[in-house]
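Undergrad:
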Amino acid sequence: MEVWLQAARIAAGVNVVLLLALGSIWLRNYRQHGAHHTLGLLVFDTFLLVQNLLWLYFYILHPDFIGWFVNSGTDVQIGVTMLCGLELVAILFLARITWI
């Protein structure tokens with residue numbers, strides 16, 4: 002079903018936007034304070050950003066992956082979409098505690 006592919010695209014896109022925002026905050030904080038914890042958050046953010054950009058490439062531009070996704074079973078579609086969705090929830094939590 003195309004709806005699961007679209008949901009995964011949206012989740013990955015929102016993840017990218019949130020990770021860019023969080024990365025800019027953590028980079029600014031690291032430059033100001035030089036805390037190792039902030040550097041760890043920045044490295045974590047960078048790896049998640051690369052992962053989500055790769056997901057977006059597969060979800061939007063890679064025809065073989067899109068064909069596999071659309072033709073796979075609903076359980077696989079839901080599972081792959083839930084991975085991006087759960088990651089979105091975790092990033093929203095990080096965003097919430099960062100912006101408090």
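Mapping of the sequence shown onto the working numbering: position 30 corresponds to residue 31, and the numbering continues sequentially without gaps.
Note that the Cβ used here is the ideal one computed from N, Cα and C, for glycine as well.
Here the structure is a predicted model, which is why all the values come from computation and not from measurement.
#1: Looking only at its chain, what residues have a beta carbon closer than 7 angstroms to the beta carbon of Ala-8, apart from the 5 residues adjacent to it on each side?
#2: Starting from the N-terminal side, write out each stretch of the beta strand (DSSP E) that is 3 residues or longer and does not extend beyond the stretch 33 to 83.
#3: Could you say if the stretch 77 to 94 and the stretch 30 to 42 meet the contact criterion of at least three C-beta pairs nearer than 8 angstroms?
#4: Using the Cβ count rule (16 or more neighbours within 10 Å means buried), how would you classify Trp-100?
#5: What separation, rounded to the nearest whole angstrom, lies between the Cα atoms of His-63 and Gln-52?
#6: Look up Trp-100 in the DSSP assignment and say whether it is helix, strand or coil.
#7: Are the beta-carbon atoms of Trp-5 and Phe-70 separated by less than 9 angstroms?
TA: In this structure, then:
#1: Residue mapping note: residue 8 aligns to position 7 of the sequence shown, counting from 1. Non-local C-beta neighbours of Ala-8 in its own chain, meaning closer than 7 angstroms and more than five positions away in sequence, comprise Thr-82, ordered along the chain.
#2: Within the stretch 33 to 83, no complete beta strand (DSSP E) run reaches 3 residues.
#3: Judged by Cβ distances under 8 angstroms, the stretch 77 to 94 makes no contact with the stretch 30 to 42, as fewer than three pairs qualify.
#4: Mapped onto the sequence shown, residue 100 falls at position 99. Result: exposed.
#5: What you label residue 63 is simply residue 62 of the sequence shown in a count that begins at 1. What you label residue 52 is simply residue 51 of the sequence shown in a count that begins at 1. When rounded, the distance between both Cα atoms is 15 angstroms.
#6: Numbered from 1 along the sequence shown, position 99 holds the residue referred to as residue 100. Of the three classes helix, strand and coil, the one that applies to Trp-100 here is coil, per DSSP.
#7: The residue you call residue 5 lines up with position 4 of the sequence shown. The residue you call residue 70 lines up with position 69 of the sequence shown. Yes, these two residues count as a Cβ contact at 9 angstroms.
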